[in-house]
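Okay, structure first, notes after.
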Amino acid sequence: MVADLIESVAKIVFIFSINLGFFAPILGWVERKQSAVMQDRIGANRANIGKFTIIGLFHPIADAVKVLTKEDFVPAGANKFFHTLAPFICLVPAIATFSVIPFGGQYELFGHHVNLVIADLDVGILFVFALTSLATFGVVLAGWSSRSNWSLLGGLRASAQMLSYEVAMGLAIIGIIMVFGTLKLSEIGAMQENFLHWGIFIQPLGFILFFTCAVAENKRVPFDVPEAESELVAGYFTEYSGLKFVMFWMSEFLEIVTISGILTTLFLGAWHIPFVTDAMLLSFFQFAGPNGATILAMLVNIATFFAKVIFFIWLQMTIRWTLPRFRYDQVMRLCWKMILPLSLINISITGLVLLLWIK
Amino acid sequence: MDASVTLQRLTERFGDSILETHSYRGDDTAVVKKEDIVALCTFLRDDGKLLYNFMMDLTAVDYLGREPRFEVVYHLYSLRYNRRVRIKAGVPESDCSIDSIVPVWIAADWFEREVFDLYGIAFNGHPDLRRLLLYEGFEGHPLRKDYPVKKRQPLIGPIN
Amino acid sequence: MSEIAKDLHTEHMVINMGPSHPVTHGTVKFLVTLDGETIEDLKVEIGYLHRGFEKMCESGTWYQVFPYTDRLNYVSPLINNVGYALAVEKLIGIDVPERCKYVRVIACELSRIADHMTNVAAGGLELGAFTAFLYFVEARELVWDLIEMLCGARVTTNYVRIGGLKNDLPDGFKQKTLEVFKRCRVLWSDVNKLLTKNRVFIDRVRDVGTMPAEEAIAYGFTGPCLRACGVPYDVRKANPYLVYDRMDFEVPIGETGDNFDKYLVRMEEINQSMRIVEQALEQLPGGPINVDMPYYRWQSKDDIYNRIDSLIFHFKTVIEGIKPPPGEVYLAVESGNGELGFYLVSDGSGKPYKCRVRPPCFPLTAAMPRMMKGRLIADIVPTFDMINMIGGECDR
Amino acid sequence: MGSIKGRLGALRRSGQELLDSGEAERLLGGSVLFTKVESVVNWARKYSFFLYPFVTACCGMEFMSVAGPKYDLDRFGAALPRFSPRQADLLMVVGTISHKQAPVLVKVYNQMTEPKWVFAFGVCAVSGGFYDNYATVQGIDTLIPVDVYVPGCPPRPEMVIDGLMKLQEKVAQERWSDWPRGAAPVTDEAKLTEC
Amino acid sequence: MTQFDGKGSQVTVGVPAGRLKPKRVRRNLDLTLWEKLYVFEIIRGMYVTTKHFALNMLGFVLPPRGKKRSVFTVYYPDEKVVLPPAYRGRPVLVMRPDGTERCVACGLCETACPGHAISIVGAERENGERYPLSYVLDMTRCVYCGFCEEVCPKEAIVMSSEYQGLAETDRSRMRYSKEQLLRSEESVKGRIEYIRRIYSKCNY
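Here it is as structure tokens:
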């Protein structure tokens, strides 16, 4: 009983320290630095303590501390409770979704069964969709409660976009579910041990559609119509300042990490190294004794999982700085007229193949 | 010289209303009475031989101390014949208004509003004659010669 | 549907895209009446950067107008300088030496390249393509290095003088230009790859802000926006001034006059301008760059230092200003946004009696409501960028 | 016991007026903690300005190249433009401010959230430059309190970076009693003729 | 064919728009199926940006010869840009070797300055030499146009290539008096050569 407690506390602490402690501040720095070097310039590198600037890693800390001491502004006549509540509703789902994502397989450690996922729900994917739809409330509430034309427009656009892309995301994922037959993310991860069974080879179209919908759900550049700088000043978070404004940013970065996690689990063979099965891994680490081997295997698996997550983060950042922005009606047209029919076709083809092949 | 074809046709058609024509430095210029400016412009735009379809510029000059104090100057350009002409209409200070040529060229809309704003010459028949460059609370017309350069009318007062 | 709409009693939302808004570059106010996202009615208000150009010209001598012409279309300052100098020379009736004409053509074309690059970059920036914006800002930085070598300043050049130029081409200019153009062409192709065939960009700018040719002429369009409608009118071809008739370059035109055509015409004109500069550098003759007429051009320092009559004459022309014969003249040059006309009236005194500038982007801004009727609010962004309204030139 | 109550009683008076009078330091004995926290916050504010580019005229071209690749303003942590005054702390007034634009500038300044600084970019913002006429405001310090003046028409990017470093030095020495500054002390509808 | 009497500046009548042979830019740009699908064009765009990213990152490790790094940025406070001789920086007064200024308070720069930034009070020394008692240059009005340098008959005021230390935190300190403007002859020697070369007789 105590072992289970330790195990779950260890996992929770590990995931939240990685997520909130490491990824959230670092992604702010990564976005600035990567976009800078991509645009032939340098990016932040002047903040120094003593004479160390360590390529600008102090700048996210400077941003954080400055934002904490910023005046917390609530527009006149706006409902203070809703205005303050909105960023939290946006942030919580982005963090909570990571609890369902398996970052490693199942191991026997000191006679105790360890399953490297915080909550191994058997309705994993459903839980993910439930939480992402929660984030829509936060955005709409922010747009409405700021009592300004710009944020109202931003809120309306956000609600329409996020709702329609959830539908498209759901349909795009059904192909994977049909192939793997389960909603449990850890099982899907386990099934992708063999390199050719990776989701991306089984469902290439599904992967592209899901990736597009995920980027749209997170309102990243080609789809950042709700907070389009040039049209709506700053979209739904025009009236937010200080910590509440940064919470919207934080939720965006965390959602990038979460999306990368889901994509890795479903399409890129979660924690498996290509062509290396678990058994081979354990045998490779035989010299360190049974427990030592499992620990080393566990670390290797976790490392590969986070390597793939970082690859997807880099991919989303590159897209962010390459493409211009869609217009609002084009975002809608793309969803209903292109992604939805394509995902329906994808489902029917997968069904046909499954029927002929498996039978 | 084909350049003065415009002036010849103009003097034939509107002999009486054209006060004077010259070609200083090669720019054909015709000084006309301000009453029939619209008829003249329509002729210049629609006549087969002239076809001045571009209204390039419309401005005014304030000759302080001369009888028709203001002079509204139109610069036209014909795309087909690659020719330019300048029409000048004297406007006395007493009756400081002239007919608007927005019905002939829609481009004249903002040019006329600007001349009204900076010189105070009213354009009869203009769709919406308001100040263009300056703000509503500004009294006077700054580009007139008798308006001092530094006479400021700020909307918001200074601190010190 | 209409009877349902009757009792929905929704009213239009009026939004004030005020002067300090990312898309309006700080000098224009759009009063937009919105029905949902579509624009019912758009009122444009300008004048936020009216700095009294004409009043300041009338209070200074003919020479002191040059720094003010830098700040008209501050994206391509040299074209304004050359335009004003040509107008005054036409008023006086003097002609500049051959070498000066070639150097003026080189300066104009460098400024035009910087203008088109800035405009396309700002267009990309407002649509979200921040990387394409910075590639062209980098390319413009290189072109500005050339202009700084030539004139001494990056933006406010103040380089041309009546009857000549301030200084000749610096040595090593030709070699540096070819180097810079090589890098500019690489960056040009990068932006071309990023934007021209990119479906996201094409969706945003295609069939937006279209203008049929006759209406464009009626509205007084000139320059890239008119050429985008298919009318090949370019002052450098229609009334070639300086040595443009000896330059071999093409005038690009579009078909429907929408933003995509304007973008393509500007991208093509960058290439054409580079060709012109290279040809001008090839055919550059020797000889002086100033006209030797003390009445209209300040004399050389050798004379002023050593001869007392030149010194006295120098004092007279600087304090009272040069005195062109009384009369009036209109001269048009092809600037970045279209036909930039100078209408000068001289009463024989040292100060210009009237110095009127025909701003090419003024009628384009006037046509914004016509282009935006019934479109979406997000369409204001590319349309307003592609007509390249410059505050200094539009409000003077 | 009494002295602690006395000290707490003193602190209960409005923090703001206490800070101004410097009595807090005397009371708390100028503990190192008090100045340390302030220098950390100033260090953080110094290296992360969120910029509100109030761009109007020719200096805007130079502003583009300062934020551009060659002279990268982002190196100082100051190139992230936030177009909503609520999220910005450095109001960079770039270019000429005409009388028609003056009310807009004052409104944007008042809308900005509290630790805010103003950076006059270019001679026209500093003093109206060579547009001494009916249309131009003769220097924005007649409208809003300005922190750093950068001359130049337009100033070279290096001069802008000098100005920013001078502003950073100024921010590093600021005390908490300097904030909040409050709205711009400007009288409405003032009709001044010859000034 | 010139339009008017020979001496005037040559504005000829060229080819009217109708008969001009233009270059059509739009013809072959209709979207092929390749472009209708967003994905391939996005990949091409990402190839361009990643190429820049890779080249710049490589530039840190092994910089191209002659430069410290391949990125375009100049680290301003530590590295400075080499300015061309033509660059117009801060106007400065030139000092004779014996410490007095070359300026004879003739007031030409004061009249030629469009921004009225210069205000001079002239005076005479006992041996009849004129010199400026006070020479105030208001840096908040100077627009760096270079007219003062161009009209000065004595080469007393030149546009040095200095541009540092001009930013101030209060405006009253930006009205430079004579002491702040004086520079020794050696420091502005390059600029004086440059002036003599560009305004010399050969250019007329």
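So the protein lines, in turn, are chains W, X, R, H and G.
According to my numbering, the residues represented by the first sequence are 683 to 1041, in order.
According to my numbering, the residues represented by the second sequence are 694 to 853, in order.
According to my numbering, the residues represented by the third sequence are 21 to 416, in order.
According to my numbering, the residues represented by the fourth sequence are 12 to 206, in order.
According to my numbering, the residues represented by the fifth sequence are 3 to 206, in order.
By construction, the Cβ of each residue, glycine as well, lies at the ideal position given by its N, Cα and C atoms.
Euclidean distance between Cα positions of Ala970 of chain W and Leu978 of chain W: 9 Å
Below 8 Å CB to CB, which residues in the same chain sit around Met860 of chain W once its five sequence neighbours on both sides are set aside? Ile1029, Thr1032, Gly1033 and Leu1036
Name the chain G residues whose beta carbon is nearer than 7 Å to that of Thr1000 of chain W? Met48, Thr51 and Thr52
Same chain only: Cβ atoms within 7 Å of Gly41 of chain H, ignoring 5 sequence neighbours per side: The predicted model places Gly41 of chain H with a pLDDT of 49, which falls under 50 and marks its position as unreliable, so this point remains unresolved.
By the 9 Å beta-carbon criterion, what residues does the stretch 124 to 154 of chain R contribute toward chain W? Gly144, Leu145, Glu146, Leu147, Gly148, Ala149, Phe150, Thr151, Ala152, Phe153 and Leu154
For chain R, check one thing: does any of its Cβ atoms lie closer than 9 Å to the Cβ of Glu73 of chain H? yes
With DSSP collapsed to three states, give me the class of Trp190 of chain H. coil
Pull up the distance between the alpha-carbon of Asp125 of chain G and that of Leu110 of chain G, whole angstroms please. Residue 125 of chain G is actually Ala in this sequence, not Asp. Straight-line Cα distance between these residues: approximately 15 Å.
Inside the stretch 901 to 950 of chain W only - alpha helix (DSSP H) runs reaching at least 4 residues: 911 to 914 and 924 to 949
With 7 Å as the C-beta to C-beta threshold (strictly closer), list the residues of the stretch 123 to 142 of chain H near chain G in chain order. Val134, Val137, Ser138, Gly140 and Phe141
Who are the near neighbours of Thr947 of chain W in its chain, counting only those whose CB is closer than 7 Å to its CB and skipping five residues on each side? Ile783, Pro784, Leu867, Ile870 and Gly871
For the stretch 219 to 234 of chain R and the stretch 398 to 416 of chain R, state whether three or more C-beta atom pairs, one from each stretch, are separated by less than 8 Å. yes
Flag Gly10 of chain G as yes if its beta-carbon sits less than 9 Å from any beta-carbon of chain R, otherwise no. Because Gly10 of chain G carries a pLDDT of 45, less than 50, the predicted location of this residue cannot be relied on, and no value is offered for it.
Look at the alpha carbon of Glu689 of chain W and the alpha carbon of Asn797 of chain W, and state the distance between them as a whole number of angstroms. 9 Å
Listing by chain order, which chain R residues have their CB less than 7 Å from the CB of Ile799 of chain X? Ala238 and Tyr239
Does the distance from the CB of Met748 of chain X to the CB of Phe804 of chain X come in under 9 Å? yes
Report, in whole angstroms, the separation of the C-beta atoms of Ala726 of chain W and Arg86 of chain H, which I expect to be a contact under 8 Å. 6 Å
Identify, in the order they occur along the chain, each residue of the same chain with its Cβ nearer than 7 Å to the Cβ of Asp210 of chain R, setting aside the five sequence neighbours on each side. Tyr155
Could you tell me whether the stretch 61 to 69 of chain H touches the stretch 56 to 74 of chain G, using the rule of 3 or more Cβ pairs below 8 Å? no
First and last residue of the uninterrupted beta strand (DSSP E) at Cys204 of chain G: Unbroken run through Cys204 of chain G: none, as it is neither H nor E.
On a Cα-Cα basis, can you pick out the residue from R:Phe382, R:Ser320 and R:Ala258 that is closest to Lys23 of chain G? R:Ala258
DSSP-derived helix/strand/coil call for His41 of chain R: coil
Check whether the stretch 166 to 185 of chain R touches the stretch 77 to 96 of chain R, counting contact only when three or more Cβ pairs, one atom from each stretch, lie closer than 8 Å. yes
Closest Cβ-Cβ distance between Val41 of chain G and chain W: below 9 Å? yes
Alpha carbon to alpha carbon, how far is Ile814 of chain X from Thr752 of chain X? 10 Å
Helix, strand or coil: which one does DSSP assign to Cys414 of chain R? helix
So what's Gly41 of chain H in DSSP terms, helix, strand or just coil? For Gly41 of chain H, the predicted model reports a pLDDT of 49, less than 50, meaning its position is unreliable and no value from the coordinates is stated.
Reducing DSSP to helix, strand and coil, say where Ile59 of chain R ends up. strand
Using DSSP with H/G/I as helix, E/B as strand and the rest coil, what is Arg417 of chain R? Not covered by the structure: residue 417 of chain R. The range shown for chain R is 21 to 416.
Chain H residues whose Cβ lies nearer than 7 Å to that of Gly806 of chain W: In chain order: nothing, as chain H lies at least about 37 Å away.
Ser717 of chain W burial status per 10 Å Cβ neighbour count (16 or more: buried): buried
Per the DSSP calculation, Ile711 of chain X is bridged to which residue(s)? X:Val725
Asn139 of chain R by DSSP, collapsed to three states: which one? helix
Compare the C-alpha of Arg839 of chain W against each of W:Arg1009, W:Glu753 and W:Gln721 and name the closest. W:Arg1009
On the CB-based measure, 16 or more other CB atoms within 10 Å of its CB, does Arg256 of chain R come out buried or exposed? buried
Inspect the CB distances between the stretch 81 to 98 of chain H and the stretch 52 to 66 of chain R and report whether three or more fall short of 8 Å. no
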